[in-house]
Amino acid sequence: MTAGKETVLITGGAGFIGSHLAENLLDAGHRVIVMDNLLTGTGANVALFANRDYLFIEHDVTNYMFVSEPIDAVLHFASPASPADYLRYPIKTLKVGSLGTHKALGLAKHAGATFMLASTSEVYGDPQVNPQPESYWGHVNPIGPRGVYDEAKRFAEALTMAYHRSHSVDTRIARIFNTYGPRMRLDDGRAVPNFMLQALSDQPITVYGDGQQTRSFCYVEDTVRGLLALMRSSVHEPVNIGNPAEITIVEIAQLIVEMTGSASEIIFEDLPVDDPKVRRPDASRARDQLGWQPRVDLRQGLERTIPWFREQLEAKSGSTARAG
Ligand code: NAD
Ligand code: UDP
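Numbered according to this note's numbering, the sequence shown terminates at residue 327, and the numbering increases by one at each position without gaps.
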């Protein structure tokens, strides 16, 4: 990409990460086009952009994508991302990762635009190597329930590299690790939103399995800074974007209870099938090639996230009271 004002199309831009990316690019003076079918995102996430250099196109990107103006970059973020969402929409998840990526790459090729794929740490599956470097090929069950997401993203990476090698498209692949922050939906179903919702309403905190499985949580501001650094780079190989600070799920549940001052107790429920036992990025490629490192630690990030969930809960109880 060149310096100066650019037009950036974000598929999935009405979702959690996509809307933060859009906001960041608008703040930097660029034009942003969001293309989204609102399957798991919400109009509220992008309502604030209405008076800016911004266009919303409601469209399912598994169908032919057309934009009648020059585009400098296509950031392909459309896909259900929460396990609860992709288990609810298995075929839509496979289609957006395969057909949607094909359409988005086709548009980037036609427009001569830079293309960035939002891939995921799930391409490593239930990893047998910890931390995971980009050179690790992964350990994925293709026919398990999570396979719909993992394999769609693995196919999307393969297609992206094929368009780079065969059609010389200027591609990037971001392997994003667990990201959290404001604009996650209350009913998103991932660990941070579930624990926030439960802690703030003094409901039991549902830890799956024995809670000894690990994840490495990155605050959304850091993730977006890493994604934009990758977009500006010329690195075509996949790059892990994640915070290497690893924590067990029961520990983050306890931390959220403590930080919200909740009276919730922790209860243990069945571990979902194929739930990865460990996950932690080897972030050295991002550090060495992008000069990127996360800056916000988990406690700081949760402090900035708690008010968002409080507001969502208050709005929900207000509307329930009005309806009653
Ligand atoms: P999200 O569900 O909040 O956002 C996804 C967006 O894609 C939603 O607005 C949804 O409506 C849209 N979408 C889905 N299918 C579509 C289709 N067929 N056509 C048009 N729009 C469609 O999820 P998120 O957490 O913001 O994740 C965004 C991207 O980042 C996803 O591709 C996800 O796989 C990837 N990612 C996220 C994380 C994370 O921790 N949040 C981790 C790894 C990868
Ligand atoms: N998890 C949990 N309770 C919940 C939601 C999630 O214990 O209410 C666990 C889940 O089983 C996984 C971890 O938290 O081990 C992270 O789950 P999440 O859905 O956030 O994302 P994943 O990393 O599995 O894609």
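Beta carbons are placed, not taken as given, at the ideal position from N, Cα and C, and that holds for glycine.
DSSP puts M262 in a beta bridge; with which residues?
Partner(s): none; M262 has no beta bridge.
Among L42, H62, V37, which residue has its Cα nearest to the Cα of A50?
Per the Cα distances, V37.
Alpha carbon to alpha carbon, what distance is there between A161 and I176?
For I176 and A161, the distance between alpha carbons rounds to 10 Å.
Is it true that the region 184-200 meets the region 80-96, where meeting means three or more beta-carbon pairs spaced less than 8 Å apart?
Enough Cβ pairs lie closer than 8 Å, so yes.
Just verifying my parser: in three-state terms, what is the DSSP assignment at Y166?
Helix, per DSSP.
Note down, in chain order, each residue of its chain lying with its Cβ closer than 7 Å to the Cβ of I259, except the 5 sequence neighbours on either side.
Taken in chain order, the residues that qualify are F198, M199, A202, L305.
Report yes if the C-beta of T163 is less than 6 Å from at least one heavy atom of ligand 1; otherwise report no.
For ligand 1, not one heavy atom lies less than 6 Å from the Cβ of T163.
Span of the alpha helix (DSSP H) holding R235?
Where R235 is concerned, the enclosing alpha helix (DSSP H) stretches over 223-235.
T174 and T163 - do their beta-carbons sit closer together than 7 Å?
Result yes, Cβ atoms of T163 and T174 sit closer than 7 Å.
Look up S219 in the DSSP assignment and say whether it is helix, strand or coil.
Reduced to three states, the DSSP call for S219 is strand.
Use the C-beta contact count for R313: other C-beta atoms within 10 angstroms, 16 or more gives buried, fewer gives exposed.
Exposed, by the Cβ-count rule.
Would you mind reading off the limits of the beta strand (DSSP E) that contains M38?
Counting along the chain, the beta strand (DSSP E) containing M38 begins and ends at 34-39.
Which residues in the same chain have their Cβ closer than 7 Å to the Cβ of K156, if we skip the five residues on either side of it in sequence?
Excluding sequence neighbours, K156 sits near G100, S122, T123, E125, V126.
Among the candidates L29, F19, A31, whose CA atom is the shortest distance from the CA of L41?
Cα-wise, what sits closest to L41 is F19.
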